[in-house]
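Notes follow the structure.
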Amino acid sequence: MASYQSGASGGGQGVAKAASDHQDDIEAMSPKRAAEELGRLAEVLAQANAGYYQADAPIMDDAEYDALKRRNAAIEAAFPDLKRADSPSDQVGAAPSEGFGKVRHTVRMLSLGNAFDDGDIIEFDKSIRSYLGLPRAAPLAYTAEPKIDGLSLSLRYEGGQLIQAATRGNGETGENVTANARTIADIPTELIGAPEVLEVRGEVYMSHADFAALNERQESAGGKPFANPRNAAAGSLRQLDAEITRKRPLKFFAYAWGELSQPLADTQLGAIERLRDLGFSTNELTQRCDGPDAMIAHYRMIEETRPHLGYDIDGVVYKVDDLGLQARLGFRSTTPRWAIAHKFPAELAWTELEKIEIQVGRTGALSPVARLKPVTVGGVVVSNATLHNEDYIAGRDAKGGEIRGGKDIREGDFVQVYRAGDVIPKVADVDLSKRPGNAVPFDFPQVCPECGSPAIREEGEAERGCTGGLICPAQAAEKLKHFVSRAAFDIEGLGAKKVEAFYGDPQLPVKEPADIFTLRERDAANLAKLANRDGWGQTSAKNLFDAIDEKRKIPLSRLIFGLGIRHVGEVAAQDLARHYGTWEAMARAIDTARPAALAHRAADEAAEAERRRADSEGRRARLAEARGKAVADCEVPEAASEAWAELIGTDGIGPVMALSLSDAFANPEERAAMDRLLPHLTPLPPEARADDSPVAGKTVVFTGTLEKMTRAEAKARAESLGAKVSGAVSAKTDLLVAGPGAGSKVKKAADLGVKTINEDGWLELIGQ
DNA sequence: GTGCCTCGAGTTCC
DNA sequence: CTCGAGGCAC
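Taking the working numbering, the leading residue of the first sequence gets 235, the next gets one more, and so forth.
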C-alpha cells in the first residue's frame, strides 16, 4: 500500500489520526499543499475502495475511511477550484460504514432458461405439453412480456405495509435494501386490499433519458460516468446512504411474486393485472398468446419497438398463463419449467487480438485467454475473452468438425467479440481479410507455462492439462484458493488474493491446506509477525487466526469438496458425505477399493486398445473378453470388489468419479497432504435429511397408467419430496404406485411384501 | 446406444 | 453463463 503521509510507518491508524486531528489547518493551507493533499487522498481512498470491494481485504477500518473522506470534503469546500476529476467525494460505491444485511428468500428467486431462436420456442411448448400430457391440439396459453435489463428485487408486504426489499443475490439469499427501495417512486410503501403476506417481485431499472441526465451530472461534478443504465441502476440501488438513492431516477416494473398468503389470481396475466390494481407499474407490452406462433409474433413486435421503448430490454419472457399448470410443472434445479427467456441476438464488436495467454487452472487445465484491444460490447469495455481450448483456437469442435468455417485464431487477428449470455466475453469470428501477413497459427504449448511439466491431452478430451500436479505452483495455488472458497472452508478474511500472497510468503508460507491451520503457531514462533506488517495490525491478525479456528470444525461434505478432487464437486461431495457418514469410513472404503479401481482402469484400457484394433466383426464379444481378461489379470480381492461396488453404487457417483477419488487417495503427495490436514480438523457428520414428507428417503416405483399426472410429473414431484424414483420393483422398493393396466410389477411387489397403493392413495399420501 | 438432465470447471466485469 | 462430460433412464 502507498502511504498517505510520506514517511508514515504504514499502518492505517496514523493516516486517520493525521486526517482528523487537523481539520482546522485547512484555512491556513496553501493552494499548492491543498492540491497535493487532495491528490494523496484520492489515491489512498481509491486503494481503500479497491481493497474493500475487490480483494475482500479492507486496508483501513470504516472510521478511518470516513475521517479521510470528511477531510477530503473539507479541503474541497475550502478550495472548490482544486476539486479533482477523480474526487473521492463523487465515487460511487464508496466503502460502506456498515454492510447490507442478508435476507433469506422464503421462495427462491430463480433464473430462467434461455431460448435463442424460434425453434427453441416450439421446443419449449412441446416439452411442456409432453410433461403435462397435453395433446398437440389442446389449447395452452402463455404470457409474453419484455425482459427488462435491470436488477430484480423482491418486495415483502405484510398487512399491506412494505416491510422488506431484497436483491436477488444468489437466488437463496439477497441483500436487504429496504431503505433504498422506499425511495423509489414506483414502489408503493402501502397497499390497500392486498393479501396479508405478499411478496412482489420485479425489476428495478433506469430509463435512457434518466441515465443520460445522471451521467451528465456525474461528469460535470467530475465523477466517473456509469457504463450503462443497468450498472447505474445497480450502483444506485446499492447505495448505503438511501438519500443518494432517492436522488437517482430509478423505476420498477412488477412481474412476479414470491410468498403469498392467498392467491392473486388463476392466471399469470390475471395476477399481473391484480398487481397493477394494487398500485404497481406493470409493463404494458405484457400480453396473452395462444401458442408458439403468437408468441413469436409478439417477440417480433417487441423487437421492433425496442429502439423506441426508452429503456433497455434484452429479450422476451414467456410464461404458462394458467397458474394451476405452473404449479404442476414446477421447477428444475435452477429454473422453472413453465417459463423461458427468448433472448435478442447478442451485440457484436470487432477488435484486435493482441495476445493469446495461457492460464493454468486448479486441475491443471491449460486455458487460453485472448488479450484484446479494449472494445465496448453491450455497454461494457471488454479486454479479455475466453478462447476455451486448443481446438477452439484451431477452428475445430470437440468432434473434429469445423467451427467458424474452420478459421483458426491468431495473434494480431481482427476478431469478433460478443458476451455470451450478456456476461462472458467470447471470440466468435475472425476477419481473414485483415489478417497481418506475418500472422502465424497459434502454437499451443506442449509444456505447462508455469512449471514446465509436460502438458498432455488425453484422447477424447478437450483440455490439455499440466502433469505437474502439486509440483506446479499454479495448480497448488489454485487448489488452495479452491480450499478456502465459499462452498468449501469459506474462511473469513482469507480470500483468493490473500492466499496468493501467503503462498509466496517467505516467512509464513501457506503451500497446502494444513499450513493454514498452523499459521497461528508459526506466527507466534516467528520474529516477522503478521501484526507488524504493512496492512496488518494486532486486530486483523487475531481476526484471521480466529476465523481459521472457527473452521476447524467443518461439515464433512465441505471438507471433501475442499480437497478439490477432479470430478468431485459440491453435490458429489454431499452425496459421499451422506453415504459414508465419516471421513474414516470413506477413506477406508476408497483405500480398500483401490485394486478394483485399478482393475477397472485396466479393463477400460484393454477395451479401448481392442476397439482401436478390431473392426465390427464380433467386436462386442472381443471387447467383453478383453475387459474380462484385464480384470482377471489384476487379481482383485473380494473386499476390494465390494468396496468398489459400493462406491460406484453411491447415488450420483459413477466410475469416473470413483476412479478420480481412488487416484487422489493413492497419490502419495496428495495423501500426505490430507494426512497432515486431518489432525487439525473435526469433520462434522452430515445432517440428517429433514423428514417432513412422508415419502422422504423412500424408494418409489410408478407403474400402470397415471390418470391425473404424467410419468415425468409424478417423478419430479416425488423427488422434490425427497423420494427416490426407480423403474423396477426390488427388495429396496418401499412403495409401488399402481395405476390401471399394471402388470407384473404388482405381483412382484406382492411377492416381496412391498406396499402397493393407487394413484389417489399416492396423492393423498403426499397431501394433494 | 441414445438422449436428457445436472454437475463441474473455468471464465469476465463490476 | 456456457461448455463438456458424467450419471442415469429409456
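We put the beta carbon where it would ideally sit given N, CA and C, even for glycine.
Nothing here was measured: the structure is a model prediction, and the numbers come from that model.
Per DSSP, reduced to three states, the secondary structure at residue 472 is coil, with no helix or strand assignment. By the C-beta density criterion, residue 339 is buried, having at least 16 other C-beta atoms within 10 angstroms. DSSP places residue 554 within a strand segment (E or B) once states are collapsed to three.
In this structure, 811 is the residue among 811, 756 and 480 with its C-alpha nearest to the C-alpha of residue 921. By the criterion of a C-beta distance shorter than 8 Å, residue 690 is surrounded in its chain by 698, 699 and 701, once the five residues flanking it on both sides are discounted. Between residue 777 and residue 703, the gap from beta carbon to beta carbon reaches 8 Å or more.
Pairing residue 705 with residue 505, the inter-Cα distance amounts to about 60 Å.
Annotation: the continuous beta strand (DSSP E) that includes residue 436 extends over 431 to 439. Per DSSP, residue 935 lies in no alpha helix (DSSP H); the unbroken beta strand (DSSP E) holding it starts and ends at 933 to 937. Inclusion of residue 877 and residue 841 in the CB contact set at 8 Å is not warranted, their separation being larger than that value. By the neighbour-count criterion, in which a residue is buried when 16 or more other Cβ atoms sit within 10 angstroms of its Cβ, residue 861 is buried. Contiguous beta strand (DSSP E) elements confined to the segment 328 to 373 occur at 336 to 338 and 347 to 349, taking only those with 3 or more residues.
Residue 697 carries a coil assignment under DSSP once its states are collapsed to helix, strand and coil. Around the beta carbon of residue 426, fewer than 16 other beta carbons lie within 10 angstroms, which makes this residue exposed. In this structure, the beta-carbon distance from residue 486 to residue 437 falls below 8 Å.
For residue 631, no beta strand (DSSP E) segment is defined, and its DSSP state is neither H nor E.
Around residue 943, the same chain offers no residue with a beta carbon nearer than 6 Å, after the five sequence neighbours per side are excluded.
A residue is called buried when at least 16 other Cβ atoms come within 10 angstroms of its Cβ; residue 576 meets this threshold and is buried. The segment 795 to 808 makes contact with the segment 887 to 895: 3 or more CB pairs, one atom from each, lie closer than 8 Å.
For residue 626, the secondary structure class from DSSP, reduced to helix, strand or coil, is helix. When only Cα atoms are considered, residue 631 and residue 637 end up about 6 Å apart. Scanning its chain for C-beta atoms nearer than 8 Å, with the 5 sequence neighbours on each side dropped, one finds around residue 555 the residues 375, 376, 377, 501, 502, 503 and 522, in chain order. In the same chain as residue 952, and ignoring 5 residues on each side of it, the C-beta atoms closer than 7 Å to its own belong to 929, 934 and 959, in chain order.
In this structure residue 981 is exposed. Its beta-carbon is surrounded by fewer than 16 other beta-carbon atoms within 10 angstroms.
Non-local C-beta neighbours of residue 344 in its own chain, meaning closer than 8 Å and more than five positions away in sequence, comprise 405, 565, 568, 569 and 570, ordered along the chain. Distance between residue 816 and residue 763, taken at the CA atoms: about 37 Å. Between the alpha carbons of residue 657 and residue 435 lies a distance of about 23 Å. Counting the other Cβ atoms within 10 Å of the Cβ of residue 822 gives fewer than 16, which makes it exposed.
One Cα belongs to residue 797, the other to residue 888, and the distance between them is close to 19 Å.
Annotated three-state conformation of residue 894 is helix, per DSSP. The segment 731 to 747 makes contact with the segment 755 to 771: 3 or more CB pairs, one atom from each, lie closer than 8 Å. Per DSSP, reduced to three states, the secondary structure at residue 980 is helical. In the structure shown, residue 640 falls within a helical segment according to DSSP collapsed to helix, strand and coil.
Ranked by Cα distance from residue 675, the options 685, 655 and 646 are led by 646. In this structure, residue 968 sits near residue 932, with a CB-CB distance shorter than 8 Å. Here residue 707 has 684 and 685 as same chain residues with Cβ atoms under 7 Å from its own Cβ, once five neighbours each way along the sequence are excluded.
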